[in-house]
Amino acid sequence: MTDPLPWLIVLPLAWGALAFLLGPGRGGALAIAGLAVQTGLALILAGQVLATGVRVHPVGGWGAPLGIDLAVDGLSAVMLLLTQGVALVLAIYARSYFAGARPEGFWPLLGFLLAALNALFVSADLFNLYVTLELLTLAAVGLVAQGGGAAQASAALRYLLVSLAASGVYLLGVALIYATYGTVSLATLAPLINGDAPLAVWLATGLVGVALLAKTALFPFHFWLPPAHGAAAAPVSALLSALVVKASFYLLLRLWLGVFAPFTVAAGWVLAGLGAAAILWGSWQAIHARRIKLLVAWSTVAQLGYLFLIFPLLGSTALALQAGIMQAVSHGLAKAAMFAAAGIFLKATGRDEVDSLAGVAGRLPLTLFAFALAGVTLMGLPPSGGFLAKWLLIDAALEARLWPLAAVVISGGLLAAVYVFRVLRQAFLLAPDDSHFHPVPRSMEWAAFALAAASVALGLRGVELLQLLAVGRVT
Amino acid sequence: MTLHEALPLAVLASSLVPGLIIFALPETWVGVRTALNLLGAFLKLALVGVLLAGVSAGQDYGFRHEVLPGLELVFKADALALLYMALSTVLWLFTTLYAIGYLEGSPHRSRFFGFFSLCVTATMGIAMAGNLFTFFMFYELLTLATFPLVVHRGTPQAMKGGMIYLAYTLGGGALLLVGIVWLHALAGTADFTHGGYLAALGEAHAGALQIAFLLLIAGVGVKAAIVPLHGWLPQAMVAPAPVSALLHAVAVVKAGAFGVVRIVYEVYGAGFAEFLELLAPLAVVASVTIVWGSWRALFQDDLKKRLAYSTVSQVSYIVLGVALFGPVGAIGGLVHLVHQGIMKITLFFCAGNYAETLGIHKVSQMDGAGRRMPLTTLAFSIAALGMMGAPLTAGAVSKAWLMDGAQAAGMGWAIWVLWTSSLLNAVYFLPILWRAWRQPAPAAWPEEHIPAQGRRETAWLLLLPPLFTAAAVLVAGLYAGESWSPLAWAQIIAEREYGSWAP
Chain B
2 MTDPLPWLIV
12 LPLAWGALAF
22 LLGPGRGGAL
32 AIAGLAVQTG
42 LALILAGQVL
52 ATGVRVHPVG
62 GWGAPLGIDL
72 AVDGLSAVML
82 LLTQGVALVL
92 AIYARSYFAG
102 ARPEGFWPLL
112 GFLLAALNAL
122 FVSADLFNLY
132 VTLELLTLAA
142 VGLVAQGGGA
152 AQASAALRYL
162 LVSLAASGVY
172 LLGVALIYAT
182 YGTVSLATLA
192 PLINGDAPLA
202 VWLATGLVGV
212 ALLAKTALFP
222 FHFWLPPAHG
232 AAAAPVSALL
242 SALVVKASFY
252 LLLRLWLGVF
262 APFTVAAGWV
272 LAGLGAAAIL
282 WGSWQAIHAR
292 RIKLLVAWST
302 VAQLGYLFLI
312 FPLLGSTALA
322 LQAGIMQAVS
332 HGLAKAAMFA
342 AAGIFLKATG
352 RDEVDSLAGV
362 AGRLPLTLFA
372 FALAGVTLMG
382 LPPSGGFLAK
392 WLLIDAALEA
402 RLWPLAAVVI
412 SGGLLAAVYV
422 FRVLRQAFLL
432 APDDSHFHPV
442 PRSMEWAAFA
452 LAAASVALGL
462 RGVELLQLLA
472 VGRVT
Chain C
32 MTLHEALPLA
42 VLASSLVPGL
52 IIFALPETWV
62 GVRTALNLLG
72 AFLKLALVGV
82 LLAGVSAGQD
92 YGFRHEVLPG
102 LELVFKADAL
112 ALLYMALSTV
122 LWLFTTLYAI
132 GYLEGSPHRS
142 RFFGFFSLCV
152 TATMGIAMAG
162 NLFTFFMFYE
172 LLTLATFPLV
182 VHRGTPQAMK
192 GGMIYLAYTL
202 GGGALLLVGI
212 VWLHALAGTA
222 DFTHGGYLAA
232 LGEAHAGALQ
242 IAFLLLIAGV
252 GVKAAIVPLH
262 GWLPQAMVAP
272 APVSALLHAV
282 AVVKAGAFGV
292 VRIVYEVYGA
302 GFAEFLELLA
312 PLAVVASVTI
322 VWGSWRALFQ
332 DDLKKRLAYS
342 TVSQVSYIVL
352 GVALFGPVGA
362 IGGLVHLVHQ
372 GIMKITLFFC
382 AGNYAETLGI
392 HKVSQMDGAG
402 RRMPLTTLAF
412 SIAALGMMGA
422 PLTAGAVSKA
432 WLMDGAQAAG
442 MGWAIWVLWT
452 SSLLNAVYFL
462 PILWRAWRQP
472 APAAWPEEHI
482 PAQGRRETAW
492 LLLLPPLFTA
502 AAVLVAGLYA
512 GESWSPLAWA
522 QIIAEREYGS
532 WAP
């Protein structure tokens, strides 16, 4: 068989384009079929990486430095798997969610989004990464805007402006590096960059770093995220929170471990500090959010914070990277489930306040169960992927004798419990007599449940994921 | 997978699988639900019976599964685990029967019994946990599975109680987690072993190990309701009676007490814990809890609240027994794990019967209840006398061993603590018995739900469970010397924990 790698980029582009030709609202079945194949490809690819190590694919037979290299290591394979899996379930969910509504550009945009994500995870040079990041942004903004209400439009515009500004800053950084070294290939750059690099390179590192932080919505750059993720349609919010913000985190992590490694010692503490602030501030806002989707969106701000706590520890222990990826994967699954569940509540009750959830426990037990399981992961309670992530993180922090980090992780979990149980508590209350529930397709309920169950099941099978992650790094 | 690996998993599955099926059942399928409940309960009883026979014949049962590199989920059904499992399984059967009768006709029963089954699964997991990681996993699962039961009624009052319960237990879980990960960083996650595994670290880490002990005991102490971490227990009284029975006798507080046993004996080791000077403070805390709980119980007019404070006091008998260095005290504490369970579950079954049959919720409403409900009141009386440590009951056996243990450990003051508590127990239980048996009944009961029919004072499913458990209180007291008694089993465990031991 031919290499599955390029197909992971070509396939979503193909079904995205076809869906566009079919017209608004059509192409759902096509997308699901395409995603199913992609999931299979990602699995095959992960198997190959496990068996034979890092894979490099020179596009069109022209490798770096002349042509473009695509490369897959354990980290990329994990992200690819997460992306295809979550997107497949969310596509099934979205098909029922949008049934009868003729979503303007959802399916074509989904295709482009997936192509951009996959391309980003396998790119091996700074400029290619810029292009994929830009494509990703445009597709994501389009998805937020569709639906067409004033709230969506203004949130999308704000998201677009932040993202474009960040992209500009990133590109400036790349230009500075290209001007200094004459290459953008990560593999070629890695041995060239060291602590004695000229000022321009230091500046470039800072620019690229800040741009990626803004795209990942790390505190204090988080301001665009809650309105965008809170206003978009539920399947879109789920995609954005679960996958899109992880892409820029992935990129930052990859550069940090690779080409930017010489500069990172002090900056790690800055990132961890901002991460801690994100956990506390995001949780605080989630605890006080009135609308359920806003609550879930603020929870994303908080949960992204954990990803940045690992940076000061990356140099000293392998546990840190494991913790970060475990958190990224389990949060991806859980947050997709949570937004999916929130979308179901919205459809069923017709309202989006947390206070309007009374009686949901009786009417939508499966969805509530999904929400609760996702909550278990976010709180970091066992058995769940979130628990393993927190275990690894606390373990790494204690090994390095960094008590404050462990304290932040623990208090973040307790704060998460406050906002998760705020929802569950409301759902267990008796419904007022005048409330009425619209029926919701079972496929949506099961999709939310499947994602949540996966995030919990990960807590029993962490070994395989970490094995895959450990396969050699592309620098 | 061999049979010796499969059996512990089967014990878990015998309640997990029925529970998950019950969640999916429509509310109206009462017969199927009941059949599944009882099938699971009896199957578990049989499996635990097989394990008991195997372990007393010296067999080892266990299962391991690697979750993260170097971190394993470990189950082992050893003598100590089986003490707790046997108690849970037997009482679970009775509580299930009782709950079927108690909840008849009320809404959301599928949900109730689903979480009920998850609860017993968590309890079994706690009992069989072979290392701290596994213990923590099921300890937190227990928190999550009991919350929906506590707030089952869905009233604002139930919600308030449930939220307080969560705040305490999740906070305790966080402390426990820090302690566990810290020990993991210091010593790796070793299996629970007789005599503990931390002694190898020696004096070098004494300070760290002392603080970690504090974190661990505080973590499990929340569920064991050790003063000052007991505040949730009286609040959780808003739960339906079978849930209270479960929380107080088998699941939650016992999980905490059982955690104390594992941590002292099989993580630190009694000898090493004594060396680190951890046991004396623990004994003091347990004593304070014993006296304080009994003292507070005196002032409660709400029957279930009085029982709740009584639980606070009685569970710390177990902790005290563990903290008294030496096998005699250990036997007292371990056997009280079982004895307190059967006595307290009887009391809560009876309290539920008074409330469901006559609408009696307060001690001051108990006048004449003994004439209207003689069998229930008889069961109540036996269990209450057991709590006081009256002769011929299970309570007397626990108390005698604890007092001997205090003597043997050179902590004579603990004997006074136990006497004081017995006295206070008498002061808060005897007036209830007096009212029930000797005072004339009022003209009308507060709210009579179930009218008397001939000799049937209340529904059979409500009456039989407390009668059986009350009988067990007497049997455990009268036949304590037999080889099948809880006492004999506690002696086997103490022998293994303390190595060489002469009676």
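One line per chain: the protein sequences are B and C, in this order. Counting along the first sequence from 1, when you hit position 268 you're at 269 in the numbering used here, and nothing is skipped either side. Counting along the second sequence from 1, when you hit position 201 you're at 232 in the numbering used here, and nothing is skipped either side. Backbone N, C-alpha and C define an ideal beta-carbon position, used for all residues, glycine too.
- Message: Helix, strand or coil for R352(B)? Go by DSSP, reduced to three states.
- Response: In the three-state scheme derived from DSSP, where H, G and I count as helix and E and B as strand, R352(B) is classed as coil.
- Cβ distance (whole Å) where S317(B) is taken to contact S385(B) below 8 Å: At roughly 26 Å, the Cβ-Cβ gap does not stay under 8 Å, so S317(B) and S385(B) are not in contact.
- Item | M32(C): contacting residues in chain B (beta-carbon distance under 8 Å) | Contact of M32(C) with chain B by beta-carbon distance below 8 Å is absent, the smallest such distance being about 16 Å.
- Query: What are the boundary residues of the beta strand (DSSP E) that V394(C) is part of?
  - Reply: No beta strand (DSSP E) holds V394(C); DSSP gives it neither H nor E.
- Query: Taking the alpha carbon of L378(C) as the point to measure from, which residue in V284(C), F411(C), L406(C) and T120(C) has its own alpha carbon closest?
  - Reply: The shortest Cα separation from L378(C) among V284(C), F411(C), L406(C) and T120(C) belongs to F411(C).
- List the whole-angstrom C-beta distance separating V504(C) from I362(C), where the pair is believed to meet the contact cut-off of C-beta under 8 Å. Not quite, the Cβ-Cβ distance comes to about 18 Å (not below 8 Å), so this is no contact.
- DSSP beta-bridge partners for K191(C)? K191(C) is not bridged to any residue.
- Item | Beta-carbon neighbours of D434(B), restricted to chain C and to distances below 8 Å | Those do not exist, as D434(B) stays about 14 Å from chain C at its closest Cβ, beyond 8 Å.
- Item | Length of the line joining the Cα atoms of V316(C) and W323(C) | The alpha-carbon atoms of V316(C) and W323(C) are separated by roughly 10 Å.
- Message: Mapping the DSSP letters down to three states, classify A72(B) as helix, strand or coil.
- Response: Reduced to three states, the DSSP call for A72(B) is strand.
- Task: Please confirm whether L452(B) and A287(B) have their CB atoms less than 7 Å apart.
- Result: Using a Cβ distance threshold of 7 Å, L452(B) and A287(B) do not count as a contacting pair.
- Task: Check distances from the C-beta atoms of the stretch 338-360 of chain B to those of chain C and list, in chain order, the residues that come in under 7 Å.
- Result: Correct list: empty, as no residue qualifies.
- Message: Using C-beta distances below 8 Å, list every residue in its chain close to F220(B), excluding the 5 sequence neighbours before and after it, in chain order.
- Response: Excluding sequence neighbours, F220(B) sits near L275, G276, A278, A279, W282, G283, V302 and G306.
- Does W213(C) come within less than 7 Å of chain B when only Cβ atoms are used? Residue-level contact check: W213(C) touches chain B, since one or more beta carbons of chain B fall below 7 Å from its beta carbon.
- Task: Go through its chain and collect everything with a Cβ distance to L165(B)'s Cβ below 8 Å, but skip five positions before and after it.
- Result: Around L165(B), the same chain offers T138 as residues with beta carbons nearer than 8 Å, after the five sequence neighbours per side are excluded.
- Message: What does the alpha-carbon distance come out to for the pair L256(B) and L81(B)?
- Response: Straight-line Cα distance between these residues: approximately 18 Å.
- Same chain, Cβ closer than 7 Å to A288(C), neighbours up to 5 away in sequence not counted: A255, V346, I349, V350 and L368.
- Query: Which bits of chain B does G185(C) rub up against, with CB to CB less than 7 Å?
  - Reply: Listed along chain B, the residues sitting closer than 7 Å to G185(C) by beta-carbon distance are F429, L430 and L431.
- With DSSP collapsed to three states, give me the class of R159(B). Of the three classes helix, strand and coil, the one that applies to R159(B) here is helix, per DSSP.
- Sub-7 Å separation of I53(C) and S141(C) beta-carbons: With contacts defined by Cβ atoms closer than 7 Å, I53(C) and S141(C) form a contacting pair.
- Residue nearest to G132(C) in terms of C-alpha spacing, selected from E387(C), A427(C) and G262(C): Ranking E387(C), A427(C) and G262(C) by Cα distance to G132(C) puts E387(C) first.
- Query: Would you call the CB atoms of A471(B) and G75(B) closer than 7 Å?
  - Reply: For A471(B) and G75(B), yes; Cβs fall inside 7 Å.
- Query: How about E478(C): is its C-beta nearer than 7 Å to some C-beta of chain B?
  - Reply: Closer than 7 Å: no.
- Could you name the residues of the same chain whose beta carbon sits closer than 6 Å to that of T165(C), not counting the 5 residues immediately before and after it, in chain order? The answer, listed in chain order, is L104 and V105.
- beta strand (DSSP E) segment containing V28(C), residue limits: What the structure shows of chain C is the stretch from 32 to 534, and residue 28(C) is not part of that stretch, so it cannot be assessed.
- Task: Select from Q328(B), W285(B), A154(B) and L467(B) the residue whose C-alpha is nearest the C-alpha of Y420(B).
- Result: Comparing Cα positions, the closest option is W285(B).
- Query: chain C beta carbons: is any one of them nearer than 7 Å to that of D396(B)?
  - Reply: Closer than 7 Å to some Cβ of chain C, the Cβ of D396(B) qualifies, so yes.
- Okay, do the stretch 513-523 of chain C and the stretch 383-403 of chain C touch, 3+ Cβ pairs below 8 Å being the bar? No, because fewer than three Cβ pairs between the stretch 513-523 of chain C and the stretch 383-403 of chain C fall closer than 8 Å, the two stretches do not touch.
- Does the beta carbon of L245(C) come closer than 7 Å to any beta carbon on chain B? Not one chain B Cβ lies under 7 Å of L245(C).
- Measuring CA to CA, which of L382(B), V355(B) and P442(B) is closest to A1(B)? Limits of chain B in this structure are 2 at one end and 476 at the other, which puts residue 1(B) out of reach.
- Query: What did DSSP end up calling Q39(B) once you bin it into helix, strand or coil?
  - Reply: Here Q39(B) sits in helix by DSSP.
- Please report the Cβ distance between E446(B) and T368(B), rounded to the nearest whole angstrom; I am assuming they are in contact, meaning their Cβ atoms lie under 8 Å. About 5 Å separates the two Cβ atoms, so the contact holds.
- Message: Looking at chain C, is there any beta carbon in it that lies within less than 7 Å of the beta carbon of V421(B)?
- Response: No, V421(B) lies away from the interface with chain C (no Cβ there is under 7 Å from its Cβ).
- Task: Under 6 Å Cβ to Cβ from A319(B), same chain only, skipping five residues before and after it: list those, please.
- Result: Correct list: empty, nothing qualifies.
- Query: By DSSP, does A533(C) sit in helix, in strand, or in coil?
  - Reply: For A533(C), the pLDDT reaches just 41, beneath the cut-off of 50, and the residue's location in the model is therefore unreliable, leaving the point undetermined.
- Query: When DSSP labels each residue in this structure, what does P137(C) get in the three-state scheme?
  - Reply: Checking the displayed sequence, the identity of residue 137(C) turns out to be Ser instead of Pro. Note: S137(C) maps to coil in three-state DSSP.
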